[in-house]
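There are 2 protein chains.
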Amino acid sequence: MTIKDIAAHCGVSTSTVSRVINDHPDVSPVVREMVNKAIEELHFIPNNSARTLVSSRSTAIGVVSRGVNNPFFSSVIRVLGREINDLGYTMVLQQISTQADEIRAAAALEREKKLLGVIFLGGRFNYTKEELEPLTVPFVCCTYTNTFGDLAEDEYSSVSIRDEDEAAKAVRYLIHMGHRRIAMILDDPADFSIGQLRFQGYKKALAEAGIGYDPALAVFTGDYAMDAAYDYTLRLIDSGADFTAILAISDTVAIAAIKALTDRGLRVPEDCSVIAIDGMELSAYTVPTLTTLRQPAEEMARQSADMLIGIIEGTGSHRHVLMETTLREGESVTAVPA
Amino acid sequence: MTIKDIAAHCGVSTSTVSRVINDHPDVSPVVREMVNKAIEELHFIPNNSARTLVSSRSTAIGVVSRGVNNPFFSSVIRVLGREINDLGYTMVLQQISTQADEIRAAAALEREKKLLGVIFLGGRFNYTKEELEPLTVPFVCCTYTNTFGDLAEDEYSSVSIRDEDEAAKAVRYLIHMGHRRIAMILDDPADFSIGQLRFQGYKKALAEAGIGYDPALAVFTGDYAMDAAYDYTLRLIDSGADFTAILAISDTVAIAAIKALTDRGLRVPEDCSVIAIDGMELSAYTVPTLTTLRQPAEEMARQSADMLIGIIEGTGSHRHVLMETTLREGESVTAVPA
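Okay, structure coming up:
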């Protein structure tokens, strides 16, 4: 009798059974009752450690998180850790800088820790088959996908948002509010990563609305660091550039930009609107509350872990899941006075 | 030839050698050159994975982090992970809620993952010998210690700040700025944990200054959640209580409190000063910048990992390290007009 038998009996996934056993909130009362009833009737004794004790094989799943200071990833890592553990595996976490090579880090980790699989949390979108050769275990790209690379769809899994479309959505929202002079603050417009895709979305939405792209309003900070975002926003203001709104690539970049605007005596949103993409909890408590496109961070984490473990256990195959953001309206965007 | 031989040759610790090998910034140029020279002369080939490959014994070190939404812990976890990995071990991270029992979690983890030792990141200060029995491996309390418990000093290690003194320091600073009606927002004044100690410090500093303790100004939110901190601050304001300053138990609680003050039309710091204890990066970019006592988070993490690994390897014994905060002056505290 295993967790799989209970899952089959109830017609739910093993992760749902696991969540009931581990008393997690995100299960409906009906499902919870059904699973608990099955556990009782089938005399199942949940034992998280059974897998580890009966076999000497590794239970290690690597999580390579790129961008060590990204607070958005904290909630993703928390859910990954919980989910991996609940399903009887062990999360081996490695946090690397945005400049580091996540494939090299994962390949080294695979050898050192005998990984069964890897979840990349953030990374480049242009992997080649050749680059991935050192990695011999299945992997999932969490929060991004291989847009620019040459991997076949059945060689990896991904859980991501449509970065280009989401950035375009944010710019369209600003345009809808009457803005036409819109700046964007991002790390790098040609990094084959989130920066590049969101920058494409920014330019696409401007073009759609017949607004010419003005290079003076595109700010490239090199990374996601708050100090760089703050400094570059000051420079943008001091350059005398004319803008009424900013799209920031992340919540933390937006928070630093708002600080710079405030320190130069500009009011947000009266003098400049600010929108971002992320939706971390903290930015709901900043002054002003940040208007942001909220990514479903926890759901992305849960699906990434479930997919990878399905592949490891031979019950699933590589898939590509696209998720949507939702607009969390705060106080940092206002309409341009007519 | 191992990393220990290089360390002995140079008269430095193994962790220093490890930091040089892994190219970390926190080594002086002189030491770096000396270590690199020894590596060259002794023909040492650094191999992080050697330990894992030559033996089949576990390399797992548990990190049980209590308070899943505490962004202050993110930088601690990052440094713990790096340090543990650099010294040839594997971090097994488990994040639990502030309500969960960290000893039970660690004991289960010890059995499941064959841990060599545990670092508790946050926890109660009142462990008894009996409670710790299920845990058979050495452990370090990181960011707290066993103030109220009955553990002998040589039964565990700790790296902490003097929570009572630090809270008193924050209150003294507010008093120095002319404040006498000082509120405190904390989780729980009798939790045998950080809340209780900092609350004692708050009352101690008030008493020293001849200011009576007013229960109407003590706000207990039950946990560190930002939504609770926001709601309770609104209630404090709406109660009509008379106060000119707030000590918040953490940066995130302070950020939520500032939001509540702002939403009720009160200006920070003109109408109410706010100080906290933590010093996370993000609160340096809030409006206003938070004035806070900065904990040496990364140094606390590094020492915790080094101490535990020293004990595991038999080169160190249990110790208790006390660290100091430093005042990071922001814009959230001002003097009371004379």
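Sequence lines, in order, name chains A and L.
Just so you know, my numbering puts 161 at position 138 of the first sequence, and the rest follows in order with no gaps.
Just so you know, my numbering puts 252 at position 229 of the second sequence, and the rest follows in order with no gaps.
Glycine included, every Cβ here is placed at the ideal spot set by N, Cα and C.
In the DSSP assignment, F96/A falls within the alpha helix (DSSP H) that extends over 95-109. Neighbours of A279/A in chain L, taken as residues whose beta carbon is under 7 Å from its own, are Y308 in chain order. Going by beta carbons, V86/L and L65/L fall outside the 8 Å limit. Less than 8 Å divides the Cβ of T348/A from the Cβ of R317/A.
Exclusion of the five residues before and after G333/A leaves G339 as the residues of its chain whose Cβ lies within less than 7 Å of its Cβ. In this structure, DSSP gives R351/L an extended state, which the three-state scheme calls strand.
Q223/L carries a helical assignment under DSSP once its states are collapsed to helix, strand and coil. The C-beta of K226/A comes no closer than 8 Å to any C-beta of chain L. Counting other Cβ atoms within 10 Å of its Cβ, E125/A reaches 16 or more and is therefore classed as buried. Sequence-distant Cβ neighbours of A241/A in its own chain, meaning closer than 6 Å and more than five residues away, are M207. Within chain L, the residues placing a beta-carbon under 8 Å from that of V115/A are T113, M114, V115, ordered along the chain. Against chain A, a Cβ distance below 9 Å from T285/L picks out V310, P311.
Between the segment 241-251 of chain A and the segment 201-216 of chain A, the count of Cβ pairs shorter than 8 Å is three or higher; the stretches touch.
Relative to C164/A, the option among V182/A, P157/A, E176/A, F171/A whose CA is nearest is V182/A.
Burial check for L110/A: the Cβ neighbour count within 10 Å reaches 16 or more, so the residue is buried. Taking a cut-off of 8 Å on C-beta distances, the segment 299-315 of chain A touches the segment 261-278 of chain A, as three or more cross pairs fall below it. Under the DSSP assignment, T315/L falls in the beta strand (DSSP E) whose first and last residues are 314-317. Taking the CA atoms as reference points, F96/A sits about 39 Å from C33/L. With contact defined as three or more Cβ pairs closer than 8 Å, the segment 165-175 of chain L and the segment 145-155 of chain L are in contact.
Distance from the CA atom of D261/A to the CA atom of A283/A, rounded to whole angstroms, is 11 Å. If you ignore the 5 residues before and after H343/A, its C-beta comes within less than 7 Å of the C-beta of T168, E176, S180, S181, all in its own chain and listed in chain order.
Taking C-beta atoms as the reference points, A131/L and V141/L fail to come closer than 8 Å. For A299/L, the enclosing beta strand (DSSP E) stretches over residues 296-301. Using beta-carbon distances, Y253/L counts as an interface residue toward chain A, with a partner under 8 Å. For S306/A, no beta strand (DSSP E) run applies, since DSSP gives it neither H nor E. The C-beta separation of A279/L from Y253/L comes to about 4 Å, placing the pair in contact by the 8 Å criterion. In the DSSP assignment, L259/L falls within the alpha helix (DSSP H) that extends over 249-261.
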